[in-house]
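Okay, so here's the structure we're looking at.
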Amino acid sequence: MAGLWAALRDVMDPEFPITIVDLGLIYDVRRRGDVVEVDLTFTATACPCMDFIREDIRERLLREDGVGEVRILEVWSPPWTRARISAEGRAVLRKHGVAA
Amino acid sequence: MSPFNDDELKQKVREGFLLESPDEMTEGYRKAIVTQLTVQGDTELISAPAYWMAARDAPSNNTQVTVVAIIQDELAHANIAYRLLEDMGVSREKLVYEREPAQFKHPYGFDQPLENWAEMVVANGFFDRAGYTLLSDVFSNTSYGPLKRALVKVDLEENFHLRHGENWMRRLSKAGGEARAKVQRAIDWMFPMTVEWFGLPDDRKRHSDQLDYRLKGLTNDQLRQEWMSHTVALCKRNGFRAPAHRDDATGRYVLEYPFPCRYDAAAKRWLFDEGEITWDEVFDRWKARGPMNERYVESIRRSHASVSRLLGAA
Numbered sequence: 000m001a002g003l004w005a006a007l008r009d010v011m012d013p014e015f016p017i018t019i020v021d022l023g024l025i026y027d028v029r030r031r032g033d034v035v036e037v038d039l040t041f042t043a044t045a046c047p048c049m050d051f052i053r054e055d056i057r058e059r060l061l062r063e064d065g066v067g068e069v070r071i072l073e074v075w076s077p078p079w080t081r082a083r084i085s086a087e088g089r090a091v092l093r094k095h096g097v098a099a
Numbered sequence: 000m001s002p003f004n005d006d007e008l009k010q011k012v013r014e015g016f017l018l019e020s021p022d023e024m025t026e027g028y029r030k031a032i033v034t035q036l037t038v039q040g041d042t043e044l045i046s047a048p049a050y051w052m053a054a055r056d057a058p059s060n061n062t063q064v065t066v067v068a069i070i071q072d073e074l075a076h077a078n079i080a081y082r083l084l085e086d087m088g089v090s091r092e093k094l095v096y097e098r099e100p101a102q103f104k105h106p107y108g109f110d111q112p113l114e115n116w117a118e119m120v121v122a123n124g125f126f127d128r129a130g131y132t133l134l135s136d137v138f139s140n141t142s143y144g145p146l147k148r149a150l151v152k153v154d155l156e157e158n159f160h161l162r163h164g165e166n167w168m169r170r171l172s173k174a175g176g177e178a179r180a181k182v183q184r185a186i187d188w189m190f191p192m193t194v195e196w197f198g199l200p201d202d203r204k205r206h207s208d209q210l211d212y213r214l215k216g217l218t219n220d221q222l223r224q225e226w227m228s229h230t231v232a233l234c235k236r237n238g239f240r241a242p243a244h245r246d247d248a249t250g251r252y253v254l255e256y257p258f259p260c261r262y263d264a265a266a267k268r269w270l271f272d273e274g275e276i277t278w279d280e281v282f283d284r285w286k287a288r289g290p291m292n293e294r295y296v297e298s299i300r301r302s303h304a305s306v307s308r309l310l311g312a313a
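Residue numbers (numbering that gives the first Met the number 0), protein chains in the order written: chain R, 0 to 99; chain Z, 0 to 313.
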């Protein structure tokens, strides 16, 4: 699973230079044969970039060896809060003038 | 009144001095930054109706929301430029509502109709990349403190726009067939359009007030090269043709067509076969403005007079 988490760390938030893992959007990632399942949440129920983020995740994971299909499951519970942002993520956001 | 004369101010900004107030500007500095901010504000403002025209072709509700979020950013960026101009005694009211459409200073590329989703995403990939290139340079080098601070937000958002374009160009490329062909057709007219946007080549432009006053740091050709270093690679990795390549000996990007050249706006086609034209001919085309100029300007101000009247009557 470490490889899949590392791959997800290549996927950046559409706006800030922070990975979606550091932002706390990934609840879980599992592999069954050539299928990868990702539990994904968003920072807001009406995030304008859902399609954008899903496409980036799919594209990145399909480049991993032996991955033939990516299933993205949207998870709204527990809801995302700022507490889910990692320490590295916080440092990036502070540098760009965003309170986190 | 500026406490400095023009030569002193040029010397100070070369040493890294940041102006914090219009009171510190000489007349020459003020004139140069008013021009720069007017171009910046007009470009952001007119990109909104241009993008909205294409946003109507968004393939899903969520992608349309993404483009509308981009349009919101562009309007906010225009607001920043016009707001800073007001500090310098320029009337926003006159700029936005009282100029003739042809007097707006946005690039000719934003006078063109964006007619489908492929053109929308190539505009994000090319035009917003140009905006990002130009404004990142201003951010790194400008001697005007209030603008430097405002650009932190602008650059982050432009990065989001251009990534949206790059993402979708990849996606439409992978889809193949008609999706891919439409992106190629968009690239064919929009690549040279953006190359031209950066203006006169350095060998024809020996002097720039914006460079002397440190309102920017890179020359037109340096900015054009920076833009091509991203967009030529973007086209290549997605299997699209772009009429430029990197010369391995010099590390510079070389155009594969006569530059500058004629453009048939109705057919959205560059007339490479007719050979190189003069920059005066390009300036004439820019001044005459493109096919959507009046309609775009009208669309951002059509209710201003009528609603103002209603408010006045209340």
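Note that CB positions come from ideal geometry on N, CA and C, so glycine has one too.
Three-state class that DSSP yields for residue i in the structure shown
i, result
"Ile17 of chain R", "coil"
"Val306 of chain Z", "helix"
"Ile32 of chain Z", "helix"
"Trp116 of chain Z", "helix"
"Val10 of chain R", "coil"
"His229 of chain Z", "helix"
"Val296 of chain Z", "helix"
"Val253 of chain Z", "strand"
"Asp263 of chain Z", "strand"
"Arg213 of chain Z", "coil"
"Arg179 of chain Z", "helix"
"Trp269 of chain Z", "strand"
"Leu94 of chain Z", "helix"
"Leu17 of chain Z", "coil"
"Gln222 of chain Z", "Reading off the sequence shown, one finds Leu at residue 222 of chain Z, where the question assumed Gln. Helix, per DSSP."
"Thr25 of chain Z", "coil"
"Leu22 of chain R", "coil"
"Pro200 of chain Z", "coil"
"Ser46 of chain Z", "helix"
"Glu99 of chain Z", "coil"
"Met326 of chain Z", "Because residue 326 of chain Z is not part of the residues shown, which for chain Z are 0 to 313, the question remains open."
"Phe239 of chain Z", "coil"
"Cys46 of chain R", "coil"
"Phe109 of chain Z", "helix"
"Val38 of chain Z", "helix"
"Met0 of chain R", "coil"
Boundaries of the alpha helix (DSSP H) in which residue i is found, first to last residue
i, result
"Arg170 of chain Z", "Gly144 to Ala174"
"Glu58 of chain R", "Met49 to Leu60"
"Glu36 of chain R", "Where Glu36 of chain R is concerned, there is no enclosing alpha helix (DSSP H), although the beta strand (DSSP E) it sits in stretches over Val34 to Leu39."
"Arg13 of chain Z", "Asp5 to Arg13"
"Asp127 of chain Z", "Asp127 to Asn140"
"Leu92 of chain R", "Ala86 to Lys94"
"Glu280 of chain Z", "Trp278 to Ala287"
Member of the options whose CA lies at the smallest distance from the CA of residue i
i, options, result
"Glu43 of chain Z", "Z:Gln63, Z:Ile69, Z:Leu74 and Z:Leu36", "Z:Leu74"
"Glu99 of chain Z", "Z:Lys204, Z:Arg240 and Z:Tyr295", "Z:Tyr295"
"Glu177 of chain Z", "Z:Trp116, Z:Lys235 and Z:Ile299", "Z:Trp116"
"Leu7 of chain R", "R:Gly96, R:Glu14, R:Val69 and R:Ile19", "R:Ile19"
"Glu87 of chain R", "R:Arg57, R:Pro13 and R:Asp21", "R:Asp21"
"Phe3 of chain Z", "Z:Thr25, Z:Arg29, Z:Lys267 and Z:Phe282", "Z:Thr25"
"Ile45 of chain Z", "Z:Gly130, Z:Arg29 and Z:Lys11", "Z:Gly130"
"Phe159 of chain Z", "Z:Val182, Z:Ser302, Z:Ile79 and Z:Gln71", "Z:Gln71"
"Glu195 of chain Z", "Z:Leu222, Z:Asn166 and Z:Phe16", "Z:Leu222"
"Glu297 of chain Z", "Z:Asp201, Z:Pro48 and Z:Lys30", "Z:Pro48"
"Val12 of chain Z", "Z:Ala232, Z:Gln209 and Z:Glu293", "Z:Gln209"
"His76 of chain Z", "Z:Met119, Z:Arg148, Z:Ser59 and Z:Val231", "Z:Arg148"
"Ile79 of chain Z", "Z:Asn123, Z:Gln102 and Z:Thr37", "Z:Thr37"
"Gln111 of chain Z", "Z:Ala232, Z:Pro58, Z:Pro259 and Z:Ala266", "Z:Ala266"
"Val64 of chain Z", "R:Phe15, R:Ala5, R:Phe51 and R:Glu63", "R:Phe51"
"Phe197 of chain Z", "Z:Arg179, Z:Phe125 and Z:Val89", "Z:Phe125"
"Glu68 of chain R", "R:Cys48, R:Cys46, R:His95 and R:Arg31", "R:Arg31"
Own chain partners of residue i with C-beta closer than 6 Å, once the 5 adjacent residues on each side are dropped
i, result
"Arg91 of chain Z", "Tyr81 and Glu85"
"Ala264 of chain Z", "Gly289 and Pro290"
"Thr132 of chain Z", "Leu222, Glu225 and Trp226"
Opening and closing residue of the beta strand (DSSP E) in which residue i lies
i, result
"Ile69 of chain Z", "No beta strand (DSSP E) holds Ile69 of chain Z; the alpha helix (DSSP H) holding it covers Asn60 to Asp86."
"Ile71 of chain R", "Glu68 to Glu73"
"Asp27 of chain R", "Ile25 to Arg31"
"Arg245 of chain Z", "Ala243 to Arg245"
Proximal residues to residue i (C-beta, below 7 Å), its chain only, five neighbours per side dropped
i, result
"Gly238 of chain Z", "Ser172"
"Asp127 of chain Z", "Glu157, His160, Leu161 and Gly164"
"Tyr96 of chain Z", "Arg300 and His303"
"Lys204 of chain Z", "Asn219"
"Trp167 of chain Z", "Val120"
Sequence-distant residues of the same chain with beta carbon closer than 8 Å to residue i, five excluded per side
i, result
"Glu255 of chain Z", "Pro242, Ala243 and His244"
"Pro280 of chain Z", "It should be noted that the sequence gives Glu, not Pro, for residue 280 of chain Z. Result list for Glu280 of chain Z: Pro259 and Arg261, in chain order."
Count the CB pairs spanning the stretch 69-84 of chain R and the stretch 98-113 of chain Z that are closer than 8 Å, and state whether there are at least three.
no
Assess, as a yes-or-no matter, whether the stretch 135-155 of chain Z is touched by the stretch 17-24 of chain Z under the definition of 3 or more beta carbon pairs within less than 8 Å.
yes
Please confirm if the stretch 126-140 of chain Z is in contact with the stretch 211-227 of chain Z, defined as three or more CB-CB distances below 8 Å between the two stretches.
yes
Is the stretch 89-96 of chain R in contact with the stretch 41-49 of chain R, if contact means three or more CB pairs nearer than 8 Å?
no
Touching or not, the stretch 148-159 of chain Z and the stretch 48-63 of chain Z, by the rule of three or more beta carbon pairs under 8 Å?
no
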